[in-house]
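**Q** This structure is in structure tokens; I'll ask about it shortly.
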Ligand code: IMP
Ligand code: MG
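Spelled out as structure tokens, the structure:
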């Protein structure tokens, strides 16, 4: 498999350093409170794995399957839950972990859905944010990096299911 046409946008080292900072901030803010990390699949599985190890507080991990994109790179605007949480979140401090906030539609939908389940608090942590593509403003309580309007892959993010296993974040070059 050739990956030579992916140019690096954020290196493994840059990502690791930022994840450590986010983990430290989250640890401080939650101040010993128990936390539920909700990892939005599939894109955030690698970020979640690294982030949870950078957080020093008691937590449990939940996975939420969401589909908002087809095979290509443009949004369908429809957010479909393909796998729900395994336990209720009522009364819990919930932190949604996303790979990227693009149009904001996914996070807006998840916040609306989760609020009906009455958590004690709900916050959002996203590794990436593409403000140029915003359709709905959503709160991002913890943000790794703001990026330009480019389609990025790697570190969990895919292009038609490819490139998730790249250890860095890059941009697919036209050729
Ligand atoms: P939103 O609902 O438009 O904010 O998009 C959210 C989801 O679209 C993200 O969680 C990603 O899974 C996917 N997505 C958006 N932009 C990119 C990108 O540049 N590369 C890979 N996936 C993306
Ligand atoms: Mg995602």
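Residue numbers (this note's numbering): 19 to 193. Just so you know, even glycine gets a beta-carbon here, dropped at the ideal spot from N, CA and C. These numbers come from a predicted model, not from an experiment.
(1) Can residue 188 and residue 26 be called in contact, C-beta distance under 9 Å?
(2) Identify, in the order they occur along the chain, each residue of the same chain with its Cβ nearer than 7 Å to the Cβ of residue 190, setting aside the five sequence neighbours on each side.
(3) What ranges does the alpha helix (DSSP H) occupy inside the region 41–88, keeping only unbroken runs of at least 4 residues that lie completely in it?
(4) Have a look at residue 54 and residue 111 and give me their C-alpha separation to the nearest angstrom.
(5) If contact is defined by three or more beta carbon pairs under 8 Å, each pair taking one atom from either stretch, is the region 67–76 in contact with the region 98–109?
(6) What residue ranges within the region 101–183 form continuous alpha helix (DSSP H) runs of no fewer than 4 residues, ordered along the chain?
(7) Determine whether the beta carbon atoms of residue 70 and residue 79 lie at a separation below 9 Å.
(8) On the criterion of 16 or more Cβ atoms from any shown chain inside 10 Å, does residue 49 qualify as buried, or is it exposed?
(9) Using a Cβ-Cβ cutoff of less than 6 Å, which residues in the same chain neighbour residue 160 once the five nearest sequence positions on both sides are dropped?
(10) Which value, in whole angstroms, describes the spacing of the CA atoms of residue 154 and residue 147?
**A** On the basis of the coordinates in this document:
(1) In the chain shown, counting from the first residue as 1, residue 188 sits at position 170. In the chain shown, counting from the first residue as 1, residue 26 sits at position 8. Yes, Cβ-Cβ distance for residue 188 and residue 26 is below 9 Å.
(2) Residue numbering aside, residue 190 sits at position 172 when the chain shown is read from its first letter. Excluding sequence neighbours, residue 190 sits near 23, 24, 169, 171, 177.
(3) 63–71
(4) Taking the chain shown and counting its residues from 1, the one referred to as residue 54 is at position 36. Taking the chain shown and counting its residues from 1, the one referred to as residue 111 is at position 93. Spanning the two alpha carbons is a distance of roughly 6 Å.
(5) no
(6) Within the region 101–183, the complete alpha helix (DSSP H) runs of at least 4 residues are 123–133.
(7) Along the chain shown, one-based indexing puts residue 70 at 52. Along the chain shown, one-based indexing puts residue 79 at 61. The answer is yes: Cβ separation under 9 Å.
(8) On the chain shown, position 31 is the one that residue 49 refers to. Taking a 10 Å sphere around the C-beta of residue 49, we find fewer than 16 other C-beta atoms and assign the residue as exposed.
(9) In the chain shown, counting from the first residue as 1, residue 160 sits at position 142. Same-chain partners within the cutoff: 40, 143.
(10) Counting from one through the chain shown, the residue named residue 154 turns up at place 136. Counting from one through the chain shown, the residue named residue 147 turns up at place 129. Their backbone Cα atoms lie some 13 Å apart in a straight line.
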